[in-house]
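Worksheet for the structure shown next.
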Amino acid sequence: MELNIKDHWDQLAPETKQWLLNNPGCVVLPRTVAEIIHRATGITPDADQHGQVSLSAEDVRFIHGQSEAGAGTHRTETTATG
Numbered sequence: 079m080e081l082n083i084k085d086h087w088d089q090l091a092p093e094t095k096q097w098l099l100n101n102p103g104c105v106v107l108p109r110t111v112a113e114i115i116h117r118a119t120g121i122t123p124d125a126d127q128h129g130q131v132s133l134s135a136e137d138v139r140f141i142h143g144q145s146e147a148g149a150g151t152h153r154t155e156t157t158a159t160g
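When we follow the numbering used here, the leftmost residue of the sequence shown carries the number 79, and every step to the right adds one.
Here you go:
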């Protein structure tokens with residue numbers, strides 16, 4: 079089963095979202111991140127023998143877009159405070 083991050087974004091904890099945003103080029107999720115997402119969403123994505131989950135091209139584009147959108151906000155906050 080595919081993860082489909084976009085449809086479950088609101089179910090993810092802020093820390094999980096931040097990890098994804100900090101790693102927008104990641105195409106394979108480590109098993110710990112995949113397990114955290116599974117617990118939050120109930121989805122059991124297809125994993126390799128090491129428990130890692132490959133993200134779809136759609137998931138990668140979505141995360142990259144979220145990261146870029148957040149980067150604009152972060153730069154503004156950084157400029158304002160420092």
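Don't be surprised by glycine CBs; every beta carbon is placed ideally from N, CA and C.
Please look up how many angstroms separate the CB atoms of residue i and residue j, rounded, as I've assumed it's under 8 Å.
i: F140; j: K95; result: So it is not a contact: roughly 12 Å between Cβ atoms.
i: T122; j: H116; result: 6 Å
Is any heavy atom in the ligand NAD found nearer than 8 Å to the beta carbon of residue i?
i: L90; result: With respect to the ligand NAD, the structure offers nothing, as it holds no ligand at all.
Looking only at C-alpha atoms, which of the options sits nearest to residue i?
i: E146; options: L99, L107 and A112; result: L99
i: S132; options: G148, I121, L107 and R117; result: L107
i: M79; options: I114, A91, G120 and H128; result: G120
i: G143; options: A91, E93 and N101; result: N101
Kindly list the residues whose CB is nearer than 8 Å to the CB of residue i, restricted to its own chain and excluding five residues on each side of it in sequence; keep chain order.
i: A125; result: R109, A112 and V131
i: G148; result: L99
Inside the stretch 104–131 only - beta strand (DSSP E) runs reaching at least 3 residues: none
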